[in-house]
Amino acid sequence: MNRGIQKALSSLLIAFVICLLAPPLGFAAPAICGLSLDTNATSSDGFCWDAATFGGFNYPVNKHKDFVASENWWGERLQYIEKDGQNELGKNNPGNHVIGEGELVYSTRQFSSKYELVSDLGLDAGTTPAELGGMFYYKLPWFGKPYVTVENDARQLANLVISQSGDTKKELKAGESWDLGKGYSLTVNQVDVEGNKVWFSLSKNGEELESGIVEADGTVENQTFTATADFGDGKDQLYFITYVDSIFVSSSDSFAVFKYTWLIDKDDTILIENGDEFQGFEVKEASKDGLVLTNSESIVLNLDKDKKTYFTDSWYFQTSDEGKGSTSPAGYIIFPAKELSNPGNYTLRGLPLDTNEVSSDDFYWNATTFVGFVYPINKHKDFVASENWWGERLQYVETDGQNELGKNNPGNHVIGEGELVYSTRQFSNKYVLVSELGLDAGTTPAELGGMFYYKLAWFGKQYVPIENDARQLANLVISQSGDTKKELKAGESWDLGKGYSLTVNQVDVEGNKVWFSLSKNGEELESGIVEADGTVENQTFTATADFGDGKDQLYFITYVDSIFVSAADSFAVFRYTWLIDRDNPVIIENGDEFQGFEVKETSENGIVLKNSKSITLNLDKDKKTYFTDSWYFQTSDEGKGSTSPAGYIIFPAMDVVIEAETFSESADNLTEETNVTDVVPGSNESENTSPDYRAAPSSSSEIALEGSENKNSYPEEGAAEEAPVKLPGFGIISGILGVMICLALRRKS
C-alpha cells in the first residue's frame, strides 16, 4: 500500500477514535442497546431481556451461567407479560404497540460476591477475618447499577463507593489523603517504619468516622481494618474494609500501601417496600432475595425510528417505523436501550457466548448482536438475513483443524491466523430529500442520479461507496435528518464538518432567492443562486467532482426550503443537506491491511478480511484482547461463567468515553459520521406518546450507571418565523454574477 493511502487511512482512523471519545455537536448520543426482537416473529412470552441480551443491565461475566439460568437466575430481567387479553404484543397481533399497565415487568435478584481480600489472598472460611462476617457479601442490580444489600436483604440497598481490585494498590505517606468518593477519604496520620505500623483515619466530608493503628506483621487478621455502624434496619453493619499490605521507605519518605479497600455509603440507603414507586414502576413483590416491579401506567410505543419511548429515567424502547425491518406490513422491531448522555466510561458489548455450549461455526456476531456494528433499524430484516445479508459480520471460521474454538474443545483460547473473518456488504439508502418530499423516480431531480445511494459499514462507521463500489469509500460528512433545518442570514457560515462550510452571501427576499457558497478550509468549491419557487428541481442544489476512480461524482446536496424575514434580518432555510468528503477516499484492494486484518476478497458489493496473525485470548475477566484498534474480546476467567471447568464466556466489545461537555449545546444538524449504534439519531422528547418517566437531573444520580452524574438535556432548535419585511434585491452587478455562476454550475466539474 502506498504512503498516500496509508496516511489517509491513518487520518481516518484517528478521526474515528476521536469521534468515539467525543461525538461532535449534532450527533446522536451513543446508546447501549438490547437484542432486537421482531413483533411478527416473537410470541408474547418471548419479549424478555436479561443481562446477556441488554447491555444496560449489570453483567459480571464470571457469573454468566447464573445470570442466564432459566430458573433460580440472578440479576435483572425485563419482560412483557400479557395480562388482560387485549392489545397483545407479538406475532398474534404484530401491529400492536401498547403495553398495558402492569404488563412490563422488571425483576432483580441479589447475588453473592466474594470480598476481594478473600479471593486475592486465597482465604477460606477458617482464615477469613471474623470481622468480615464471612467470605461473601451480596449485591443487587438496581436499574443497571449494582448496590450492596444491607444485612443481605434486597429491600435495603447501600451505594458501593469503592471496591479496590486485587491488582491495584494505593501508596500514601504521612499527611496524604485518598479521596474514596461520595465525600469519604482515608488520611495517613503517621507512618512508623521501625514498628512497621501506620496510623490512619477514615472521614466523611471532613468529619472523622474511624481511626486505627495497623501493624503490617504478615498476618491477615492484624493487617485488616474494618468499621461498622448502625444503618438501614441493621445494627453493627460492616461498611468499610482496608488491608495494609506493607510499609516501605523511599529516599525521602515512608509510605503505607493499602489494598482490597471496600466501602459502602452508610448514610444513603434505599429502603424498598411493596407499593413504592421508582421511575414509573410500582413495587409488587419485595422479599429478602429480590424485587419485582411493574409499569404504573400503560406505555404507547412510538413507532418511529427517530423517536424514543422512555419507560424509566434513562431506559427507553427504540422501534423501527411500522412495517419496517419486519416481515409483516404491520410488524416492527423493538429493543430496550440506554442513551449514554451522562459523562463516564462505558463498554458496548456483543452477545456473550459459552465455549462449552456453542459449536465452532456459531461464533459470529451481526449488527443485532454487537452494538459496535452499524445498525439502521429499518433495515433489520436485510441485516439479519441468512443469505444476501447486508452490513457487518464477525465470524470464527475453523481452517486448520487445530485449536478449534467451541464445545469440542471448550478450553481452547487461540484463534488461528485467518480464522477470524470480518465481512461487510454495502446497503442502499434513500436520500432524505427523496423520502421526506415523497419523490419517486419521475420527480427526483436528475442531478441526484436516482433516488438511492449506497453505504458501506467499515469497522463500525458508515462510508459512502464511490460509484456504488465498496472498494472506494468516501467519508460521510453530514446527512441532515428530515426533521431538522438550518437558518442562515447573509454573512453567516454553517460548519458542516471536515473543514467544509456553507456560507450565505446574500438573501434576496423580493426575488425569493439566496446566493451561497460551499468551501473547504476557506477555499471556495461551489457557488450558486437558488430560488425557493416551490419546485423541487429549482430548490435543490447539487455539486459533483472527480474523485476516487470516478468522474463527475455527486458529493453535495442541499435544498433551500424557504426564504423568510425576521424583525431585523432575512434568512434562508436549508434542509436535507448531504455531503461526502471528496478529498480523502479510501481505496481498498486485495492484500491491503487494516487494523490487523488482511483484505482477502473485494467486489463491488462488499469486502472480506481475515486476521493477519493468530490471536491468543487472555482468559481473565479484567483483561482485554484487542483484535482491531478499538474492538477487543472480553472473556470470563477460565471455567467461570461456563457450564464446563475448562470453558469460558466470550464476546466482542468496545469502550467509549462520554465527556461532560459532549452534549452540552444544541445541535443544528444530524450527521452519521460517528456511528456507535446508528439507531438513535435524535430525541424529540415533546413527541413521546407515553408518560415520560425521566426524572429531573438532580434526582437521577442514585440510579444512574456507575461513573455517571446527572443527565444532560437537549435544547431544541427552531425559531418562529415572523411577518415578512421587504428588503432590496441584490442589484445589477450581483445579479449578473449570479447568472454567470449558475451557468458555470451547469458545466461538469
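Numbering (numbering that gives the first Met the number 0), first residue to last: 0 to 748.
Yeah, the Cβ is synthetic: ideal placement off N, Cα and C, and Gly gets one too.
All values reported here derive from a predicted model rather than from experimental measurement.
Among the bridge pairs identified by DSSP, R424 is matched with G390 and G605. For V535, the uninterrupted alpha helix (DSSP H) run begins and ends at V535 to Q538, by DSSP.
Bridge pairing for L300: absent [DSSP]. Minimum Cα-Cα distance from G322 among the listed residues G330, Y315 and L122 corresponds to G330.
Nearest Cα to D83 within the set S643, G132, V67 and E100: E100. Within the model, the alpha-carbon separation for L608 versus E597 is close to 5 Å. Looking only at E276, K196 and T223, the smallest Cα-Cα distance to K258 is reached by T223. Considering only G640, G94 and L116, the residue with the shortest C-alpha distance to F135 is L116. In its chain, beyond the 5 residues on either side, A153 and R154 have a beta carbon closer than 8 Å to the beta carbon of S286. In the three-state scheme derived from DSSP, where H, G and I count as helix and E and B as strand, I562 is classed as strand.
In the structure shown, the three-state DSSP call for L419 is strand. Counting along the chain, no alpha helix (DSSP H) covers S250, and no H or E run does either. The beta-bridge partner set that DSSP reports for Y137 consists of S111. The criterion of a C-beta distance shorter than 8 Å is not satisfied by Y146 and F110. The criterion of a C-beta distance shorter than 8 Å is satisfied by I31 and G55. Counting C-beta atoms within 10 angstroms of its own C-beta, N294 has 16 or more neighbours from the protein chains shown and is therefore classed as buried. Taken in chain order, the complete beta strand (DSSP E) segments of 3 or more residues contained in the region 76 to 129 are 103 to 108 and 110 to 113.
Annotation for S516: the continuous beta strand (DSSP E) segment containing it runs K512 to K519.
Taking a cut-off of 8 Å on C-beta distances, the region 502 to 519 touches the region 483 to 490, as three or more cross pairs fall below it. Check the Cα spacing between S518 and each of A473, D494, S480 and G448: the tightest is with D494. Of all alpha-carbon atoms in W141, K90, G547 and G343, the one lying nearest the alpha-carbon of V656 is that of G343.
The beta carbon of A228 sits closer than 7 Å to those of Q236, Y238 and K265, all from its chain and outside the five residues before and after it, given in chain order. Under the 10 Å beta carbon count, L270 is surrounded by fewer than 16 other beta carbons and is classified as exposed. Beta-carbon to beta-carbon, E466 and Q552 are separated by about 7 Å, close enough to satisfy the 8 Å threshold.
Between the region 82 to 98 and the region 53 to 69, the count of Cβ pairs shorter than 8 Å is below three; the stretches do not touch. Under the DSSP assignment, S526 falls in the beta strand (DSSP E) whose first and last residues are E522 to E530. Inter-segment contact for the region 171 to 186 and the region 288 to 302 is absent: fewer than three beta-carbon pairs are separated by less than 8 Å.
Counted as a single uninterrupted DSSP element, the beta strand (DSSP E) harbouring N188 occupies residues Y183 to D191. In the DSSP assignment, R574 forms a beta bridge with Y558.
N188 has its alpha-carbon roughly 48 Å from the corresponding atom of E284. DSSP places Q222 inside the alpha helix (DSSP H), whose first and last residues are V219 to Q222.
Rounded to whole angstroms, the Cβ separation of I614 and I587 is 22 Å, and the two are not in contact under 8 Å.
For L139, the closest C-alpha among the options A215, S251, Y499 and N151 is that of N151. Sixteen is the threshold: since fewer than 16 other Cβ atoms of the shown chains lie within 10 Å of the Cβ of S164, the residue is exposed. By the Cβ neighbour-count rule, N91 is exposed, with fewer than 16 other Cβ atoms within 10 Å of its own. In this structure S602 is in contact with A469, their Cβ atoms being roughly 7 Å apart against a cut-off of 8 Å.
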